[in-house]
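For the protein sequence lines, the chains are A, B, C and D, in the order given.
Residues in the first sequence are numbered consecutively from 1, following the numbering used here.
Residues in the second sequence are numbered consecutively from 1001, following the numbering used here.
Residues in the third sequence are numbered consecutively from 2001, following the numbering used here.
Residues in the fourth sequence are numbered consecutively from 3001, following the numbering used here.
Yeah, the Cβ is synthetic: ideal placement off N, Cα and C, and Gly gets one too.
Number of protein chains: 4
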Amino acid sequence: MTEAKLSAKIPAVVLGATGAVGQRLVSLLVGHPWFKVVGVAASERSAGRSFADACHWVLSDALPGAVARMMIAPLDPDAVRCERPAVAFSALPAEVARQTEPAFAEAGFAVCSNASAHRETADVPLLIPEVNPDHLALLDVQRAERGWPGLLVTNPNCSTTGIALAVKALDEAFGLRQAVVCTLQAVSGAGYPGVASLDILGNVIPWIPTEETKIERETRILLGRVKDGRRVDADIVVSAHAHRVPVVDGHTFAVSLGFDQTPSPQEAGRVLGAFCGVDSVRRLPSAPVRPVRVFEDVDRPQPRLDLAGEGGMRVGIGRIRPCPLLDLRMVGLVHNTQRGAAAGAILNAEFLVAEGWLR
Amino acid sequence: MTEAKLSAKIPAVVLGATGAVGQRLVSLLVGHPWFKVVGVAASERSAGRSFADACHWVLSDALPGAVARMMIAPLDPDAVRCERPAVAFSALPAEVARQTEPAFAEAGFAVCSNASAHRETADVPLLIPEVNPDHLALLDVQRAERGWPGLLVTNPNCSTTGIALAVKALDEAFGLRQAVVCTLQAVSGAGYPGVASLDILGNVIPWIPTEETKIERETRILLGRVKDGRRVDADIVVSAHAHRVPVVDGHTFAVSLGFDQTPSPQEAGRVLGAFCGVDSVRRLPSAPVRPVRVFEDVDRPQPRLDLAGEGGMRVGIGRIRPCPLLDLRMVGLVHNTQRGAAAGAILNAEFLVAEGWLR
Amino acid sequence: MTEAKLSAKIPAVVLGATGAVGQRLVSLLVGHPWFKVVGVAASERSAGRSFADACHWVLSDALPGAVARMMIAPLDPDAVRCERPAVAFSALPAEVARQTEPAFAEAGFAVCSNASAHRETADVPLLIPEVNPDHLALLDVQRAERGWPGLLVTNPNCSTTGIALAVKALDEAFGLRQAVVCTLQAVSGAGYPGVASLDILGNVIPWIPTEETKIERETRILLGRVKDGRRVDADIVVSAHAHRVPVVDGHTFAVSLGFDQTPSPQEAGRVLGAFCGVDSVRRLPSAPVRPVRVFEDVDRPQPRLDLAGEGGMRVGIGRIRPCPLLDLRMVGLVHNTQRGAAAGAILNAEFLVAEGWLR
Amino acid sequence: MTEAKLSAKIPAVVLGATGAVGQRLVSLLVGHPWFKVVGVAASERSAGRSFADACHWVLSDALPGAVARMMIAPLDPDAVRCERPAVAFSALPAEVARQTEPAFAEAGFAVCSNASAHRETADVPLLIPEVNPDHLALLDVQRAERGWPGLLVTNPNCSTTGIALAVKALDEAFGLRQAVVCTLQAVSGAGYPGVASLDILGNVIPWIPTEETKIERETRILLGRVKDGRRVDADIVVSAHAHRVPVVDGHTFAVSLGFDQTPSPQEAGRVLGAFCGVDSVRRLPSAPVRPVRVFEDVDRPQPRLDLAGEGGMRVGIGRIRPCPLLDLRMVGLVHNTQRGAAAGAILNAEFLVAEGWLR
């Protein structure tokens, strides 16, 4: 990334811009050093209206004036006029993303998607730059097979992002074999309007549709590797229990972990605190200095107190202790709409730039 | 229990009556067919004042007038004047219970305690009548060794009560070997004032002091047996993760279970739905017809909707499904201040009456 | 109401049965001594499906089995087969109620509506039996002008119901002239799904569409009288401020009141505590013994503790004290989905029976 | 304020440093351009321990390392060693502040207090720099009468701060005569541990001890003037209704206002939006550019979305509309722990520096 690059930002469009994750993307991209929002697109219902008019803005950051006045385009690459190469950040619902994201890749966009539609597609990288940067190699296969001038990468489900960041370093050091995960997830993970207040005020909902399967499958993909242009998923048993709790932002997760070699809690803490991505990732604008922070206090991390560090890009880990059944237990916290959604997609786009896939 | 008994209720005193569990005991005992509150006792700070005056009543049921006017006695058996035999329901803090409960047993009271102080004492039954009625046999040892004219039984920790009721029938049918438990616990479990609102509004606290150890140890006691006057704890590995969530009443718990023989979810559901205590337990005034209700809807049980059934004495179970790591997964819900505390102690007292230990 | 009547219940249908108020109506009518649910009707989207299938049941009471199996009829009197006379309880949205309720009245139903559509219509009683029983006289006009074999009465907005019950006795005794009202309203008042959790968790929304106008207008109607077949609204100035707060059930309202004759707080408390409806109202099955309870404790009433009394039909009043600007200040609490909605409509139907309009 | 000043910060001590407001003071003062925390003092219970050890830190900002290691002094000016002049920021409880604050002023400290103890004392300015900068003149009287080398100023109650900022400009322009205020206050206003979660989860508490009296009295002081060295309170009738709601930070207040000359909502909005303090206030480091922001959206301001602007120093106003009883109605929002407490005290200290009372 050179000064020259900085003086000519890469054009970016946001697909599904009026939803909760779309809004967060817009908010984060305003002032981004490398990208510049030049268009917003959404469903037929919103298309043709100004962004300020069509969007029920739910963030505490102010709606950026430049985007407020943009007209919303339909979800059609031809309708989104901008110079290529360009990034298309997708916050589309899965069922819309299935067709729309390939169409944008075919039209030359580098699609960085937060949608679940293509996360398990063989030639689409499911990517967390600190966790599996090597998966970018799948783009060679994608280009060869699809013939797209653009490309498509995805970031994982919000809970999975936190879990994968929390266990990656331990997997490398001690060989992860088994994980039982119990999540306590914030309502912002369900978008807007999402969870009805009557359902969640003073309550727990012990079920989030498709969430447990996503956690189990995506974790194995992220901890796996790419060999000869094919994904080889990690041979890890993951069992997930997902719950919705009355918290606005921040997914808490409790994990019991089994390893090839049993680490002590102290060893695990050292490994986690020292974890960082490869050099090219560490230098990205949205990358945290340390993707994991290990808390010492026995009652931390907590959503209300511990989400903000490193721009919401850092996973908090606490209470590392032996597990009577497996080897270790701990609790984690991830900012589900930052690291686990919008900012995760942006970090992926930054990594594409750094690796030369987008310039 | 005969009509004669009904016409002469057993006198009952409540120790630690001004606290949250003490209040619930008072509220439940007013109108109880077998017991009659004749005294309330509490710490020095409250002693000598009227109950209405000393107590910050936190229940939605009205403070019963008869008890409101009682003078609070100090925690001294000599100060509590009533005919013996009498029951002493204890909602004392653990550190106070340690000395006070034996003193009351020595003074002739049948102490039914919700405190943790004596739950692991070798000759004190830790009792859920539907789960381990045979543990009452420890009272013979207790009498022989201590020479008390009274006695002391305890009920388990609130979370453990729900978990033990949820797995007891499965253990009998399929042989439980391993359990990973993750709890989402209501604030009422911490008493009053208990958890500060600043700590829990819109938040999760991933730690409850001593809770995980209690769940792990007490579950093994409850599923164990008594042999030759000694407790033989169950050979089960339990790993617990405890969390406080912004819910008023109702502890949710997610469990993964491993068995000697793997049941199908359908088999497990049938066994749980058919579970009931022995005959002498089923007929007790506070005993539920079915201690476990299996919910079919995928998003149940929930604290706001599913606590009330069977007077809060029923544990709800839902989402019985295979576990990738162990055998089965499910979610449970227990009313922590009813079944898990005050009403659990009362059920124990009823069982003592039915078994002839108290009359 | 005679024994004969009890042996032959009046058939009742619920319009808008799948919504939150419709569900509460269904739940309250099961087991009602005078009425029997024989049909449920709802919008096209639900019609033709079973109630259990079409309805996302949000109450903690169990869905009654008899109603669960009913097929939902469309909102067409011809499609709802039942003997007449019958009651039609309406929990329809205002815009649907506008046409549908008159159609049911024309088809012979005694429509008891919770909808706002006809609350201000000149010949439709807006009725709280304890507050303005004389408004039933408007039905003579309604029959004369409309020629309906059935009839239409409405109950007020949920907040207004509480306020009117709270001030009626004071108005009679001291002549109410002015009221400033500030409400803190529960989310259940917005129906289901209603308020999004992202909007209200840990938050206050200082606006509820059309609520302030409803409070101001409906209060004047309820405290007015009927003269020569026409409503004469009370000459009272009402200023309302409405807020949504993160409470499930129970609207709190703070009021400052100005009177013709200034009462002392003690006088006002005595008048409020003695308030009760006319004899024919007091004997109705759903009528509370005392529609107002005056709390002595300085921090009451509170939604969590004080909603349940008298089946949710009682308004709680507390903190009666002088107002530096007007004469008196106080705080009130009304169960918005019971007294303020479903049970209010049922009480109106009971009053119609007692007054001979329905038999 | 010159460069010279910046290179030698004024020493500051925080009294009552371990409480919620004390912590906020510590957090805000770290990095302050004019002040430097050199000491922390608290009650006997904490004195002698390190700040990190004695304090249950409840803020999401990290505990500043420099302060973490400080030893807590007792509340005795002799025990707090620092060069004079120095500022003593007081977050003491009222009953402690009564004696302690004068003792520190007598020992040469410029005491800027958030406590209520001396807010109504005749020669102690109750000060919001944008609202009543002229009240600083009372310090001449204070010095003359008390002979203190230091001084004592106070900032108002958290709700009152918001109300006074909201109405000051309207009072100047149109002559305020009457105000009815209804507050919906966050739990952080009660300090830590403060409100028990059992009391406020999903609930409203319609009473806050002494709050209504504080609002009524302090508003009249703040809008009054100083004449011949004496406070002349404003001749305004204020009636307050205070409620606690389950919100973490941010007091909402609904007001009805009566004026000498009735403004239109548009005029009022213009006057409020243009409001700013005198020049010497506007340039203070903590002063907002605009102390009031008028929101256009009908459902704003809201605590979750609108607290952050201008460092929490800005009051939000919305829904300006006619009042049927008085002249205007509107809703306001104030950050109760920033503008309404800690940052308010700091702004007062900055104003003392600017006006030459502290250097």
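Let me confirm a value: residue i is counted as buried when at least 16 other C-beta atoms fall within 10 Å, else exposed. Which label applies?
i                 : result
VAL204 (chain A)  : buried
LEU2358 (chain C) : buried
ASP1235 (chain B) : exposed
ARG1978 (chain C) : Nothing can be reported for residue 1978 (chain C): it is not among the residues displayed for chain C, which extend from 2001 to 2359.
HIS3056 (chain D) : exposed
LYS168 (chain A)  : buried
GLY3048 (chain D) : exposed
MET2071 (chain C) : exposed
ALA3094 (chain D) : exposed
SER3264 (chain D) : exposed
GLY2258 (chain C) : buried
ARG314 (chain A)  : buried
ALA2173 (chain C) : buried
From which residue to which residue does the beta strand (DSSP E) around residue i run?
i                 : result
PRO11 (chain A)   : 10-15
GLN1971 (chain C) : This structure cannot speak to residue 1971 (chain C), because chain C is shown only from 2001 to 2359.
VAL3294 (chain D) : 3292-3294
LEU1325 (chain B) : It is not in any beta strand (DSSP E) - LEU1325 (chain B) carries neither H nor E in the DSSP assignment.
Given residue i, which residues of its chain have a CB within under 8 Å of its CB, disregarding the five upstream and five downstream residues?
i                 : result
PHE3253 (chain D) : SER3159, GLY3162, ILE3163, ALA3166, VAL3181, CYS3182, THR3183, LEU3184, VAL3331, GLY3332, LEU3333 and VAL3334
PRO285 (chain A)  : HIS32, PRO33, TRP34 and GLU350
ARG69 (chain A)   : SER50, PHE51 and ALA52
VAL2030 (chain C) : VAL2037, PRO2064, ALA2066 and VAL2067
THR3360 (chain D) : Beyond the ends of chain D as shown, which are 3001 and 3359, falls residue 3360 (chain D); an answer cannot be given.
Can you name the start and end residues of the alpha helix (DSSP H) that residue i belongs to?
i                 : result
ALA3103 (chain D) : 3094-3106
LEU2358 (chain C) : That residue, LEU2358 (chain C), is in no alpha helix (DSSP H); it is neither H nor E in DSSP.
THR1213 (chain B) : 1211-1222
SER3197 (chain D) : 3197-3200
LEU2305 (chain C) : 2303-2306
PHE51 (chain A)   : 51-54
Would you please state the rounded distance, in angstroms, between the beta carbons of residue i and residue j? I believe it to be under 8 Å.
i                 : j                 : result
PRO3156 (chain D) : GLU3218 (chain D) : 5 Å
PRO303 (chain A)  : PRO1246 (chain B) : At roughly 11 Å, the Cβ-Cβ gap does not stay under 8 Å, so PRO303 (chain A) and PRO1246 (chain B) are not in contact.
ARG2329 (chain C) : SER3239 (chain D) : 7 Å
ARG2230 (chain C) : GLY2224 (chain C) : About 10 Å separates the two Cβ atoms, so there is no contact after all.
Apart from the five residues on each side of it in sequence, which residues of its chain come closer than 7 Å, Cβ to Cβ, to residue i?
i                 : result
LEU3059 (chain D) : GLN3023, ARG3024 and SER3027
ALA3103 (chain D) : PRO3077
Looking only at its chain, what residues have a beta carbon closer than 6 Å to the beta carbon of residue i, apart from the 5 residues adjacent to it on each side?
i                 : result
GLY3318 (chain D) : PHE3295, ARG3300, PRO3301 and VAL3331
ASP1134 (chain B) : VAL1226
VAL21 (chain A)   : ALA91, ASN114, ALA341 and ALA342
ASP171 (chain A)  : LEU223
- request: Scan the segment 3056-3084 of chain D for residues whose Cβ lies nearer than 8 Å to a Cβ of chain B and list them as they occur along the chain.
  value: VAL3058
- request: Please list the residues of the segment 3288-3312 of chain D that have a C-beta atom closer than 7 Å to any C-beta atom in chain B, keeping them in chain order.
  value: none
task: Using a Cβ-Cβ cut-off of less than 7 Å, give me the residues of the segment 3196-3209 of chain D that come near chain A, in sequence order.
output: LEU3201 and GLY3202
- prompt: Between the segment 239-260 of chain A and chain B, which residues of the former have a C-beta closer than 7 Å to a C-beta of the latter?
  reply: SER239, HIS241, HIS243, VAL245, PRO246, VAL247, VAL248, THR252, ALA254 and SER256
task: With 8 Å as the C-beta to C-beta threshold (strictly closer), list the residues of the segment 2085-2107 of chain C near chain A in chain order.
output: none
Chain D contacts from the segment 1174-1191 of chain B (Cβ-Cβ distance under 7 Å): VAL1187 and SER1188
- prompt: Which residues, taken in chain order from the segment 1313-1339 of chain B, show a beta carbon closer than 7 Å to some beta carbon of chain A?
  reply: GLY1318, ARG1319, CYS1323, PRO1324, LEU1325, ARG1329 and VAL1331
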